[in-house]
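Here our numbering is used: the first residue of the sequence shown is 1, the next is one more, and so on.
Glycine is no exception: its CB is placed at the ideal position from the N, C-alpha and C atoms.
To start, the structure itself, in structure tokens.
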Amino acid sequence: MADDVSVTGTNMFNHRVDGPMEQFEILPIFDLHLGAIDVSFTNSALWMLIGTGAIIVFFFFATRRAALIPGRVQSMAEVFYQFVADLVRDTIGPEGRKFFPYVFTLFIWILIMNLFGLLPSLPVIIPHELHTFTPTSHLIVTLALAMVTITIVIVYGFYKNGLGFFKLFAPSGVPLWLMPILVPVEVISFLSRPLSLAIRLFANMFAGHVILKLFAGFVVSLLSAGGAVMLFGIAPFLGAIAVTALEFLVAALQAYVFAVLTCIYLNDAVHAADH
């Protein structure tokens with residue numbers, strides 16, 4: 001149709017150039033259907049599988065021959081372990097030890113998903129559906145992680161504290177006349193936790209990838225123009241390098257923030273009756 005708008009094009013080498021939003025497109029690799037339900041194996045599932053496999057392989061080699069004087073791989077694994085262990089202990093206390101496996105898995109998985117999404121693709125060699133993909137740039141993925149966290153908080157909160165879990169919404173020492181205002185605010189704040197967790201991670205990864213793609217697009221466009229115009233490609237090229245470095249920082253920082261907030265919410269479940 002004449003009024004269709006395409007966000008793709010070709011560069012000076014006649015290679016496909018995608019728009020900034022197409023990197024988030026979920027593409028099927030293997031079509032699978034269960035009746036009317038589409039359960040196709042997609043590029044998102046592929047990169048979640050690759051990331052999970054990389055984590056398993058890394059820790060397998062890190063722990064296969066544990067030594068008193070660790071090698072490089074074991075040292076890296078121990079740094080991750082100690083970092084998360086300190087985070088859980090300092091935030092939740094001794095009772096938080098039981099949550100360490102979950103928080104550790106969550107932190108490492110988000111970190112690897114974020115970092116793998118920054119790997120460059122080879123569009124000339126690799127089919128489009130196999131390009132590097134960032135699952136954490138999709139709200140449904142981050143929301144699923146957040147819902148697992150809040151479900152653990154609620155289930156363990158009632159298991160540990162019984163009805164005392166409701167003290168989380170009505171802290172002791174607050175005047176009774178303030179309760180009708182405070183309780184609804186606390187309930188809304190608690191219910192918004194999974195949304196804030198999910199949107200924070202999703203928005204940071206999504207926005208960073210869009211900005212990076214825009215800078216890269218400017219570089220390709222200016223270089224394709226040829227002549228003196230190519231010189232104007234230096235600024236966006238340097239900008240792309242700076243944004244890439246920033247994206248690596250954001251990838252690690254967002255994994256850390258997700259883990260910290262998870263520990264804070266778990267701390268509320270553990271000590272709800274003390275409020």
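Coarse secondary structure for residue i, derived from DSSP in three states
i	result
H131	coil
I29	strand
I69	coil
L118	coil
F169	coil
P180	helix
I55	helix
H271	coil
H138	coil
A147	In the sequence as presented, Ala is not what sits at residue 147; that position holds Met. DSSP places M147 in helix when its eight states are reduced to three.
V84	helix
M76	helix
G157	helix
M21	coil
V174	coil
S192	coil
A259	helix
G93	coil
H15	Its pLDDT being 48, under 50, H15 is placed unreliably by the model, and the measurement read from it follows with that caveat. The answer is coil: DSSP assigns H15 none of H, G, I, E or B.
Buried or exposed (CB count within 10 angstroms, at least 16 for buried), residue i
i	result
Y159	exposed
G162	exposed
L238	exposed
H209	buried
H131	buried
L111	buried
G71	exposed
M48	buried
S6	Low local confidence applies: a pLDDT of 39 at S6 is under 50, so the model's placement there is unreliable, with the coordinate-based value given in what follows. By the 10 Å Cβ count, S6 comes out exposed.
A36	exposed
I181	exposed
T151	exposed
F60	exposed
I264	exposed
S137	buried
I108	buried
V79	exposed
A245	exposed
V39	exposed
K185	This sequence places Val at residue 185; Lys is not what is there. Exposed, by the Cβ-count rule.
Beta carbon of residue i nearer than 9 Å to that of residue j
i	j	result
M205	T134	yes
V84	L266	no
L222	A240	no
Q254	R200	yes
A251	N114	yes
L87	V73	no
A67	L145	no
A272	G157	yes
I55	N43	no
F169	V187	yes
A203	L106	no
F24	F41	no
I92	V270	yes
L118	F248	yes
A62	A77	yes
F116	G164	no
L195	L143	yes
G233	V219	yes
Residues bridged to residue i [DSSP beta-bridge criterion]
i	result
D38	H33
Residue i beta carbon near the ligand NAD (any heavy atom closer than 8 Å)
i	result
L34	The ligand NAD is not part of this structure, which contains no ligands at all.
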